[in-house]
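*Asks:* Protein chains in written order, with this note's numbering: chain A, 53 to 163; chain B, 100 to 214. All residues carry an ideal CB built from backbone N, CA and C; glycine is no exception.
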Amino acid sequence: GQQLNQSPQSMFIQEGEDVSMNCTSSSIFNTWLWYKQDPGEGPVLLIALYKAGELTSNGRLTAQFGTTRKDSFLNISASIPSDVGIYFCALNGTGANNLFFGTGTRLTVIP
Amino acid sequence: DAGVTQSPTHLIKTRGQQVTLRCSPKSGHDTVSWYQQALGQGPQFIFQYYEEEERQRGNFPDRFSGHQFPNYSSELNVNALLLGDSALYLCASSFYDRGSGNTIYFGEGSWLTVV
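1) Please classify Gly139/B: is it buried, with 16 or more other beta-carbons within 10 angstroms of its beta-carbon, or exposed?
2) Skipping 5 residues on each side, what residues in its chain have a beta carbon closer than 6 angstroms to that of Leu126/A?
3) List the residues of chain E whose Cβ lies closer than 8 angstroms to the Cβ of Pro95/A, in chain order.
4) Taking CB distances under 7 angstroms as the criterion, tell me whether Phe125/A reaches chain B.
5) Between Lys112/B, Glu174/B, Ala179/B and Asn170/B, which has its C-alpha nearest His128/B's C-alpha?
6) Once DSSP output is grouped into helix, strand and coil, what is the label at Asp184/B?
7) Counting only beta-carbon separations shorter than 7 angstroms, does Gly208/B have a partner in chain A?
8) Leaving out five residues before and five after Thr83/A in sequence, what residues of the same chain have Cβ atoms less than 6 angstroms from its Cβ?
9) Checking the sheet assignment: what are the DSSP bridge partners for Arg121/B?
10) Can you name, in chain order, every residue of its own chain whose Cβ lies under 6 angstroms from the Cβ of Ala104/A, other than the five neighbours on each side?
11) Verify whether the separation of the beta carbon atoms of Asp135/A and Thr76/A is less than 7 angstroms.
12) Exposed or buried, which one is Gly141/B when buried takes at least 16 other CB atoms within 10 Å?
13) Does Gln155/B have its Cβ less than 7 angstroms from a Cβ in chain A?
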């Protein structure tokens with residue numbers, strides 16, 4: 053079946069550092085989504101990517117859709133304590149709300 | 100404008116019991132999906148409702164069932180609860196717009212503990 057692997061599984065960084073995480077799939081997809089989940093809350097969409105090679109920014113966040121359409125990365129610049137949480141990549145399934153989530157990267161920012 | 104709201108936020112049930120979780124979608128949204136998120140894992144798609152019918156289903160047994168009402172709100176029912184059903188249950192809603200596509204919003208979830 054479909055696999056969506058994220059790395060690293062967890063990261064501990066100092067406030068102000070840049071962060072990079074990535075996601076790889078076993079199949080080709082047309083849309084990559086990045087979500088963040090804070091403790092006790094549901095996932096919130098950060099960035100959506102729709103074309104191979106696309107590079108999109110949202111504030112301090114930048115994500116790219118890999119040219120092979122099997123991978124994507126998310127960068128966070130100048131991390132702050134509120135960046136703490138779990139970051140998930142996700143792909144659209146065949147339905148409108150059918151998302152397939154990755155394994156997640158847990159980020160801890162040390163003040 | 101309220102987002103996706105779910106109830107209850109936390110509940111504890113005994114093995115073999117039945118549970119009903121409720122979801123009100125974001126205003127204007129007509130499609131609702133349910134996800135199960137076990138501790139330390141990503142959410143897994145259970146099923147999706149549109150126009151009061153189940154449209155898609157993930158790899159979950161028939162013990163998991165749902166319903167969508169005319170006002171687009173939805174319920175998730177789980178029968179014959181197992182310990183492994185302990186998880187955060189997330190509701191997501193969306194509305195397809197030709198210009199902006201389909202943005203999915205999640206609720207804060209219902210924490211179910213089965214003992």
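*Replies:* According to the data block:
1) Exposed is the call here.
2) The beta carbon of Leu126/A lies closer than 6 angstroms to those of Met73, Trp86 and Ala115 in the same chain, with the five residues before and after it left out.
3) Structure shown: chain E not included; protein chains present are A and B.
4) False, the Cβ-Cβ gap to chain B never drops below 7 angstroms.
5) Measuring from the Cα of His128/B, the nearest candidate turns out to be Asn170/B.
6) Correct three-state label for Asp184/B: helix.
7) For Gly208/B, the answer is yes, since a Cβ of chain A falls inside 7 angstroms of its Cβ.
8) If you ignore the 5 residues before and after Thr83/A, its C-beta comes within less than 6 angstroms of the C-beta of Tyr102 and Asn144, all in its own chain and listed in chain order.
9) According to the DSSP secondary-structure assignment, Arg121/B is paired through a beta bridge with Ser106/B and Glu174/B.
10) Excluding positions up to five away in sequence, the list reads Phe117, Thr119 and Arg121.
11) No, the pair does not count as a contact, with Cβ atoms beyond the cut-off.
12) That one is buried.
13) Yes, contact with chain A.
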